[in-house]
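Shown next, in structure tokens, is the structure this report addresses.
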Amino acid sequence: MMKNEKVYQGIIPSTSHDVEDIIQSVVEKFKRWNVEEVPLSEVEFILTELLMNAIEHGNCFDEAKYIYVYTAVKDGQWICRVTDQGDGFDGQATLKHEENELTKYQSRGRGLYLVAQMVQEMRFKNEGKTLEVIKHLDFDKNHFNKQANG
Amino acid sequence: MNQIDVVKEQMYYVVRLKGRIKSYDFMPLKEELYQDIKEVQPVILNLTELKFIDTSGLTLILSLLRWCNEGNAGMVSYGANEFIKRIFGYAKIPSILPMVDTCEEAIILIQKVG
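Chains as they are written, first to last, in this note's numbering: chain A, -6 to 143; chain B, 2 to 115.
Written out as structure tokens, the structure is:
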């Protein structure tokens, strides 16, 4: 790992209990990394929605299937990548549908649309099994080097 | 921690959401909410103690709003923190649910829209 980046990775089964554990782990990492440019509530919201999406729509609540989480702060960006073991889904179509249904009181389905509003980039990879978001941070690319040297 | 309480006033309910509302809280909270709300009356939603919400929490609020609208009763909210306001904004909630800062403003407003 380069000096100027911080990475956290984890693999969890498809249960909400494990989702909560890994979210708290990431939030703790952010605190330790002193990345105050991203409000922790936003980190938690984004992770919650990406992971619940992977459990519900990716792994279809199959607890034998796993979710891989990669999150990194580097080059002035927060990158978060969530991969499930499902059959993949049409992310762009889901986003469009969620936007259309936004205030229609329906019980599910607006999480990805809201995450898309919070980040600068949202990419669907690996035939829809991997969802990657990138949020630009308001600090320079040598943030961690400066901390280390300070 | 109890995440919801409902107080019935003479002309409206005050529903207070508290703490952190996440996906796995949704069904128990929904059941608790509709146990306490028996008749159609306007609702003031107190968000002053709500710290965090995900889309399940939004769904809970929208279901309450639908319940009010179907009974021709109004609903207003007050006291949301900056994070909740931002989430509501992204979800376009303010276009269907009036948001004010204080309880006093909410009471005045519910008398107009309720």
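Ideal placement from N, C-alpha and C gives every residue a C-beta, glycine not left out.
With distances taken Cα to Cα, identify the nearest neighbour of residue i among the options.
| i | options | result |
| --- | --- | --- |
| A/M111 | A/T8, A/K22, A/V19 and A/P32 | A/P32 |
| A/E114 | A/G81, A/K67 and A/I72 | A/I72 |
| A/D11 | A/N119, A/Q85, A/H90 and A/Y59 | A/Y59 |
| A/V108 | A/E91, A/T76 and A/F82 | A/E91 |
| A/L44 | A/N93, A/Q85, A/Y63 and A/N119 | A/Y63 |
| B/L61 | B/V114, B/L18 and B/F84 | B/L18 |
| A/V36 | B/L34, B/F53, B/L98 and B/K39 | B/F53 |
| A/Q85 | A/R116, A/V75 and A/L40 | A/R116 |
| B/V77 | B/S64, B/V101, B/R21 and B/L30 | B/V101 |
| B/K31 | B/G80, B/E50, B/I5 and B/N82 | B/I5 |
Grouping DSSP H, G and I as helix and E and B as strand, with all else coil, what is residue i?
| i | result |
| --- | --- |
| B/G20 | strand |
| A/G143 | Confidence is the limiting factor: at A/G143 the pLDDT is only 48, short of 50, which leaves the residue's position unreliable and the question unanswerable from this model. |
| B/I118 | For chain B, the structure presents residues 2 to 115; residue 118 of chain B sits outside this window and is missing. |
| B/V8 | strand |
| A/K89 | helix |
| A/K118 | strand |
| A/K(-1) | strand |
To the nearest angstrom, how far is it from the Cα of residue i to the Cα of residue j?
| i | j | result |
| --- | --- | --- |
| A/G143 | A/K22 | With a pLDDT of 48 at A/G143, under the threshold of 50, the modelled position of that residue is not reliable, and no figure is offered here. |
| A/V81 | A/C53 | Here residue 81 of chain A turns out to be Gly, not Val, going by the sequence shown. A/G81 and A/C53: Cα-Cα distance of roughly 11 Å. |
| B/F89 | A/Q78 | 32 Å |
| B/Y14 | B/L110 | 14 Å |
| A/H129 | A/S34 | 16 Å |
| A/V19 | A/T123 | 18 Å |
| B/V44 | A/N93 | 27 Å |
| B/M12 | B/S96 | 24 Å |
| B/V8 | B/Q36 | 12 Å |
| B/E40 | B/G58 | 22 Å |
| B/A74 | B/W68 | 8 Å |
Going along chain B in order, which residues have a C-beta closer than 7 Å to the C-beta of residue i?
| i | result |
| --- | --- |
| A/E37 | F53 |
| A/Q110 | Y91 |
| A/S34 | F53 and F84 |
| A/F95 | Phe is not the amino acid found at residue 95 of chain A; the sequence shown has Leu there. Result: A92 and K93. |
Mind pulling the chain B residues with CB within less than 8 Å of residue i?
| i | result |
| --- | --- |
| A/E42 | D55 and T56 |
In chain A, what lies closer than 9 Å to residue i by C-beta?
| i | result |
| --- | --- |
| B/L34 | What B/L34 touches in chain A: nothing, since even the nearest Cβ is about 14 Å away. |
Where DSSP assigns a beta bridge to residue i, which residues make up the other side?
| i | result |
| --- | --- |
| A/P6 | A/Y59 |
| B/L51 | B/G20 |
| A/C73 | A/T64 and A/V126 |
| B/L46 | B/V16 and B/S78 |
Should residue i be counted as a contact of the ligand GDP given a C-beta to heavy atom distance under 7 Å?
| i | result |
| --- | --- |
| B/T103 | This structure simply doesn't include the ligand GDP, nor any ligand for that matter. |
Show which residues of chain A have a CB atom less than 8 Å away from the CB atom of residue i.
| i | result |
| --- | --- |
| B/I88 | F38 and L107 |
Does the beta carbon of residue i come closer than 8 Å to any beta carbon on chain E?
| i | result |
| --- | --- |
| B/L48 | In the structure shown, chain E cannot be found, because the protein chains are A and B. |
Could you work out which residues of chain B lie near residue i, taking near to mean beta carbons separated by less than 9 Å?
| i | result |
| --- | --- |
| A/R116 | The contacting residues do not exist; A/R116 stays about 19 Å from chain B at best. |
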